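Worksheet: one structure, shown below.
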Amino acid sequence: MGMMNRRQFLKWGGLVGAAAITTSCLPREAIKGGSKSITSAKRKLNIVQQTHFVPAYDSWFDKEFVPKWSQANNVEVTVEHLAFADLYPRAAQHVANQSGSDLFAFANLPAMFEGQTVDLTDVVTELEKKFGKMEEIARRSTYNPKTKKYFGISDHWVPFPILYRKDLWDQVEPGSKPDTWDDLLRVGGKLKAIGYPIGIGMSPELDSNTTLRSLMYSFGSSVQDEQGNVVINSKNTIEALKMGSALFNETMTPEIFSWSSSSNNQFLLSKNCSAIQNAISALRTAEKRTDDLGQLIYLSKICAGPTRRLGPANLVNVYTLWKFSPVIDLAKKFLVDLISDYATAFSKSELYNLPSFPGTVPQFKSLLDSDPASNPRGKYNVLADANTWTTNLGYPGYGNAAIHEVLDTFIIPKMFALTAQGQMSPEEAARWAEASIKPIFQKWKSRGLI
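Here the sequence shown is numbered in this note's numbering, starting from 155 and rising by one per residue.
Structure, rendered in structure tokens:
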């Protein structure tokens, strides 16, 4: 999954910063079960969202769900799919023009755009009445405790387990698996020695961002505390950096410093790699091949560290509704209806989209267990408790605008790379990260969003 470069980020980030402090809002149009009358004249609803990593989901969404919903509601719906790297620049363009879309789905934090989005508290309330509480991962990615506003709503989130070659792990240490970071280091060294290194990126791209935060969280380190204070310069971060350096030196190769968002997937699928951390899309791709690779790849939970077993979701899909939309009532109804049908969406995504409202998929565990492509059966059961070892970006606080900017400027992968390449000591790298992050938090606090 790609991310924008710093120049792109700064270009649209300045625009969003100006929009974020906008305090005026459109009149709120409540929705109660979609009961607002739809006129006989066909209205239009424009949606922008990411191209899904599982093609079957987009096929269902575009060719089944949307046409049926359009006909039932007498609405002309247009759906545009974009690559991840194109989402935020396009959103900034729509904000600048005050037109272009009604619903805009971000594959990660849209908190910077809060000043331009409709508060969706009413939609959240309605869905929770029907299906029970939303996942905390989703809430902390869509709610701002400072402004008391739901700037978006999440339909799904994506866990980030370890994908490993069980045959290779059994070969060097029978019965082993990457359950802890120590396991990954110990067994990974043996696997590299026989030509099958570990693949954990330390480059400016999303998967490196996510994996390295998993390493930090499991060592008790984080960018911010629960109150939104920068706490990255800590003993815990220093220990995580030491582990990252050891993993690179003993289990990996230098290519990981120049990886793109698809490199770890390609590395695993090349059959030259023993383990990566990724969404299940990489395994789904292997299962569709004619060789036996899909049978050899197994799933394991995020590696446990000395403090906990915890890491951020690979992505949390968040729909935002622009204030400038002329069809706010229709857009809210669409969101309610989509999320209400999430048992279908979950299946069509091939178990990739974990529901943000668990009550919408009561058969969740049985669907994992009976997945038809799983060989052996039950391979995906490891995801049954993924919500206990997955959290939001910004843990232990909320996914706020500053956390988003830290993510998109790749400070965390740079910090690990500086240490692993020997350019800085762990202590120096932690101080560098702190000095880089604090001004970001100060900027967004001054704008009243943290």
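Glycine included, C-beta positions come from ideal geometry on N, C-alpha and C.
Small disclaimer: the values here were computed from a predicted structure and weren't measured.
Per DSSP, residue 445 lies in no alpha helix (DSSP H) segment and is marked neither H nor E.
For residue 250, the uninterrupted alpha helix (DSSP H) run begins and ends at 238 to 251, by DSSP. Spatial neighbours of residue 288 in its own chain (CB-CB distance under 6 Å, excluding positions within 5 residues in sequence) are listed in chain order as 510 and 511. Residue 470 and residue 546 do touch by the CB rule: their CB atoms are close to 7 Å apart, below 8 Å.
Apart from the 5 residues on each side of it in sequence, residue 586 sits with its Cβ closer than 8 Å to the Cβ of 569, 572 and 578 in its chain, given in chain order.
Looking at the DSSP output, residue 506 sits in no beta bridge, so it has no partner there.
Its chain contains 202, 204, 205 and 244 as the residues whose beta carbon lies nearer than 7 Å to that of residue 236, once the 5 sequence neighbours on both sides are disregarded; these appear in chain order.
A contact between stretches requires three or more CB pairs, one per stretch, nearer than 8 Å, and the stretch 533 to 549 meets this requirement with the stretch 456 to 476. If only complete runs of 4 or more residues are kept, the stretch 413 to 441 shows the alpha helix (DSSP H) at 417 to 423 and 435 to 441, in order along the chain.
Residue pairing by DSSP places residue 454 opposite 316 in a beta bridge. Taking each of 355, 350 and 310 in turn and checking the Cα distance to residue 325, the smallest one comes out for 350. The beta carbons of residue 604 and residue 377 sit about 12 Å from each other, so the pair does not count as a contact at 8 Å.
Separation of the CB atoms of residue 352 and residue 338 is rounded to 6 Å, and the pair is thereby assigned contact status at 8 Å.
The beta carbons of residue 301 and residue 472 sit about 16 Å from each other, so the pair does not count as a contact at 8 Å. Within the model, the alpha-carbon separation for residue 498 versus residue 257 is close to 21 Å. Across the structure, residue 433 and residue 314 are spaced so that their CA atoms are roughly 5 Å apart.
Each residue's CA atom was taken as its position, placing residue 213 and residue 496 some 15 Å apart. The DSSP-derived three-state label of residue 256 is coil. Going by DSSP, residue 472 is part of the beta strand (DSSP E) stretching over 469 to 475. Of all alpha-carbon atoms in 481, 419, 427 and 448, the one lying nearest the alpha-carbon of residue 254 is that of 481. Per the C-alpha coordinates, the member of 581, 248 and 599 positioned closest to residue 390 is 581. Excluding sequence positions up to five before and after residue 466, its CB lies within less than 8 Å of the CB of 314, 364, 367, 368, 371, 544, 545, 546, 547 and 549, all in the same chain and listed in chain order.
When the Cα atoms are used, residue 286 and residue 513 turn out to be separated by approximately 6 Å. Secondary structure at residue 198: strand, using DSSP grouped into helix, strand and coil. Cβ neighbours of residue 308 within its own chain (closer than 7 Å, five residues either side excluded): 292, 295, 296, 470, 471, 472 and 510. Scanning the stretch 259 to 306 from its first residue to its last, the whole alpha helix (DSSP H) runs of 4-plus residues come out as 275 to 285 and 290 to 293. For the options 468, 395, 348 and 476, the alpha carbon positioned closest to that of residue 425 is the one of 348. With a beta-carbon spacing of about 4 Å, residue 272 and residue 475 fall inside the 8 Å limit used to define contacts.
In this structure residue 477 is in contact with residue 270, their Cβ atoms being roughly 6 Å apart against a cut-off of 8 Å. Apart from the 5 residues on each side of it in sequence, residue 484 sits with its Cβ closer than 8 Å to the Cβ of 192, 197, 199, 227, 229 and 256 in its chain, given in chain order. In the DSSP annotation of this structure, the continuous segment of the alpha helix (DSSP H) that includes residue 560 starts and ends at 555 to 562. Annotation for residue 397: the continuous alpha helix (DSSP H) segment containing it runs 389 to 405.
The Cβ-Cβ distance between residue 329 and residue 418 does not fall below 8 Å. The beta-carbon distance between residue 428 and residue 342, rounded to whole angstroms, is 7 Å. This is short enough to meet the 8 Å contact definition. Under the DSSP assignment, residue 549 falls outside any alpha helix (DSSP H); it carries neither an H nor an E label.
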